[in-house]
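Worksheet for the structure shown next.
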Amino acid sequence: MKLIRAEKDRFTFALGKREKALLFQILQLYPLVPPAHHQLSRSGDGPAHAENQRLLEEALAEQRRENRRQVLTMLNEPTRFREFAAGIHFTLSAPQVEWLLQVFNDVRVGSWLALGEPEELEIPEINQTNAPYLLAMESAGHFEAALLNALGVKNPPRRGESQA
Amino acid sequence: MPEVAPDIGREEQTGSKSDLEPGWLVICWNDPVNLMTYVTHVFQVVFGWNRQKAEFHMLQVHQQGKSVVARTTMEKAEHYAHQLQKYTLHATMERES
């Protein structure tokens, strides 16, 4: 997925047919992170901690329902994806980029949790059970990076490198 | 990269009496699965930080395992923790000791 045009509040990406199929496959997985994954506190400190934790989970669940609804709407919009001879153009507004980032990262983190939370660069042995999660984690990261690139977010320079 | 002194909580410390009372810390923890650019972006969106400050805290998370990203009242700490969790970052709020 490659940014081909960025206007004020509108981003247009180009993607191939297989990439579009992969995009749909990844979006259909949302949400993947279990609701109880997020903890308000590690210490359980403070008044009404249990109640606050319950409220947090409810708020996150509501937000995910809304994101899921938007994902399904987006996938079914006939004008969202426009087919050309060279590929498919996919257009998003700035707020849509923002919630799509949340959606992709949920799939990425959820897949990572399902893989047993491997450390960075530690690739588990691939088998029938974990292969779909590995694919989802890497693919979600690929789409996420394309969106971040469109927003102009770059990695910080390494030590000794000058800032671009 | 130049060192950036984090100015966590500066805004809150000039506020009302309740803001000056023992505070709460919002801590962002490292999950190696998150892209560095993603974490930087989320910090910019949630806290309104410039890129330099967002990168400072992102690198702290990445290298030290965690970063205190806000020192504030309980209500605001809840708000920030929730915002970070909306983006699937690992964030908690802890009472300041």
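Protein sequence lines, in the order shown, are assigned to chains A and B.
Residues 33 to 196 (our numbering) are what the first sequence spells out, left to right.
Residues -15 to 81 (our numbering) are what the second sequence spells out, left to right.
Positions of the beta carbon are idealized from the N, C-alpha and C atoms, including for glycine.
Remember, it's a predicted structure, so these values are computed and weren't measured experimentally.
Asked	Found
Is any beta-carbon of chain B found at less than 9 Å from that of Q60 of chain A?	no
To which residues does DSSP link T123 of chain A through a beta bridge?	A:T44
With 9 Å as the threshold, decide whether the Cβ of Q48 of chain B is near any Cβ in chain A.	no
Using a cut-off of 9 Å between C-beta atoms, extract the partners of E176 of chain A located in chain B.	L19, T21 and Y22
Please classify L180 of chain A as buried or exposed, where buried requires at least 16 neighbouring CB atoms within 10 angstroms.	buried
Decide yes or no for the touch test of the region 96 to 109 of chain A against the region 44 to 64 of chain A: beta carbon pairs closer than 8 Å, at least 3 of them.	yes
For the candidate residues B:V10, B:T56, B:T21 and B:A61, whose alpha-carbon lies nearest to that of N187 of chain A?	B:T21
Counting along the chain, where does the beta strand (DSSP E) carrying A118 of chain A start and finish?	Per DSSP, A118 of chain A belongs to no beta strand (DSSP E) and is neither H nor E.
Could you check the C-alpha separation between L87 of chain A and V53 of chain B for me, to the nearest Å?	22 Å
With R74 of chain A and E59 of chain B assumed to form a contact (beta carbons below 8 Å), what rounded beta-carbon distance in angstroms separates them?	The pair is not a contact, with the Cβ atoms about 19 Å apart (cut-off 8 Å).
Roughly how many angstroms separate the alpha carbons of E176 of chain A and L107 of chain A, rounded to a whole number?	17 Å
Of all the residues that make up the region 36 to 68 of chain A, which are near chain B by a beta-carbon distance shorter than 9 Å?	V65
Ordered along the chain, which non-local residues of its own chain (more than five positions away) have a Cβ less than 8 Å from that of V45 of chain B?	C12, W13, N14, V23 and S51
What's the C-alpha gap between G173 of chain A and S81 of chain B?	37 Å
Determine the direct distance from the alpha carbon of L183 of chain A to that of K40 of chain A, and round the result to whole angstroms.	11 Å
Taking DSSP as the reference, what is the three-state secondary structure of V17 of chain B?	coil
Does the beta carbon of R79 of chain B come closer than 9 Å to any beta carbon on chain A?	yes
To the nearest whole angstrom, what separates the beta carbons of T44 of chain A and R37 of chain A, a pair I think is in contact under 8 Å?	4 Å
Would you say E83 of chain A lies against chain B (beta-carbon separation less than 9 Å)?	no
Report the three-state DSSP secondary structure of K186 of chain A (helix, strand or coil).	coil
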